[in-house]
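**Q** Going by this note's numbering, the letters in the sequence shown line up with residues 1431 to 1705, in that order.
Mind looking over this structure? Questions follow.
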Amino acid sequence: LSPKMVTVEGSTEKQFPSNYPFCDMYHATTGCKGVVKYFSNHHKPKPKLERLLSMMGKTKLVKPAATRWCSMRNCFANISDNIDVLRPVSLGDDFIDPSASETARANAEQVREFLQTPDLARTLKKAVAILEPFDFVIMACQSDSLSMSDAFVLWNDLPSKIAKLADLEELEFTDNELNYAMSIAKERWEFIYGDAHGLAYLLDPRYIGDALDRSTVAENWRADVESFLYDFPESDSIRPGDDQQRKMGLYNEYQAWFAQASQLRERNDFRYQQY
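Rendered as structure tokens:
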């Protein structure tokens, strides 16, 4: 959800795109990283914070890393849970060491100012909520045992899961925020989608291509996937008459399989339950 910064004519500074709705979350990303880095590198406030967190049964701060999936969401969630401890610690007289360097004192001031930001807790909760559906898909796709058809379901259902965030009335997601996140999800799905995804989903007895009929990704999606099935493999060595006969054979075999798979699923047959 990071923005593609733009340069406005007449200025050299990078700015947010006009339609980017997550400016607060973007600034919170920088702020949260600064909070974790500060407490990790300074020996005076670190043990005080860890002692208070331990007394209250809370977890230590989570350091995000580009090489760890979903770590930014975990960082947001962790600071959101611990904000009632972090705020008073940052306001303590001993939080800023007067003997420290000017740079260190400036960093401490930035951390203090960030933690006192109005509505910070709500911003972090919104960030966790909007990242949760994306992270669920990312974590699932790390598994070597994830089938192509299940990957299809995960990515194809992602926009609808984001849309359901509108039900979290206390977070007050705007239409612009949800539409932006859904457009990113659809863009990523269209980018990674290949014929193998559609074919695996079509021929999985659990799904038999259900979502292909109601897809918003492509018009006539089922027909396109079925045509890929009938036309594969392509070969210049096959005579036109033989090719047509081969297609009809595949068509009849597929239709018979589809009818049987539909009946087994409808009856919840023991053979269907094995999938």
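Quick reminder that beta carbons are idealized off the backbone N, C-alpha and C, glycines included.
1. Using only the alpha-carbon positions, how far apart do L1479 and S1470 sit?
2. Look at the alpha carbon of F1582 and the alpha carbon of P1635, and state the distance between them as a whole number of angstroms.
3. Taking the CB atoms as reference points, tell me whether V1465 and V1541 lie closer together than 8 Å.
4. Within 10 angstroms of the Cβ of M1612, are there 16 or more other Cβ atoms? Answer buried if so, exposed if not.
5. Taking only the alpha-carbon atoms, compute the straight-line gap between H1473 and V1436 and give it to the nearest angstrom.
6. Compare the beta carbon distance of N1504 and L1483 with 8 Å and say whether it is the shorter of the two.
7. Compare the C-alpha of T1489 against each of A1496, K1467, V1438, S1510 and name the closest.
8. Whose C-alpha, out of Q1690, R1676, A1534, is nearest the C-alpha of D1661?
9. Indicate whether the contact test is met: 3 or more Cβ pairs, each with one atom in the segment 1584 to 1593 and one in the segment 1616 to 1635, closer than 8 Å.
10. Assuming the contact rule is C-beta atoms closer than 8 Å, W1658 and D1625 should be a hit. Round their C-beta distance to whole Å, please.
11. Take M1486 and list the residues in its own chain whose beta-carbon comes closer than 8 Å to its own, dropping the five residues that flank it on each side.
12. Would you tell me roughly how many angstroms separate the C-alpha atoms of L1491 and S1448, rounded to the nearest one?
13. Once you ignore the five residues that flank K1493 on each side, which residues in its own chain have a CB closer than 6 Å to its CB?
14. Verify whether the separation of the beta carbon atoms of Y1623 and S1579 is less than 8 Å.
**A** Quick look at the numbers:
1. 10 Å
2. 14 Å
3. yes
4. Answer is buried; the Cβ neighbour count reaches 16.
5. Between H1473 and V1436, the C-alpha separation is close to 39 Å.
6. It is not a contact, given that the beta carbons lie outside the stated cut-off.
7. S1510
8. R1676
9. yes
10. This sequence places Phe at residue 1658; Trp is not what is there. Contact holds; Cβ gap of about 5 Å.
11. V1515
12. Linking L1491 to S1448 through their CA atoms gives a straight-line distance of about 33 Å.
13. V1466
14. no
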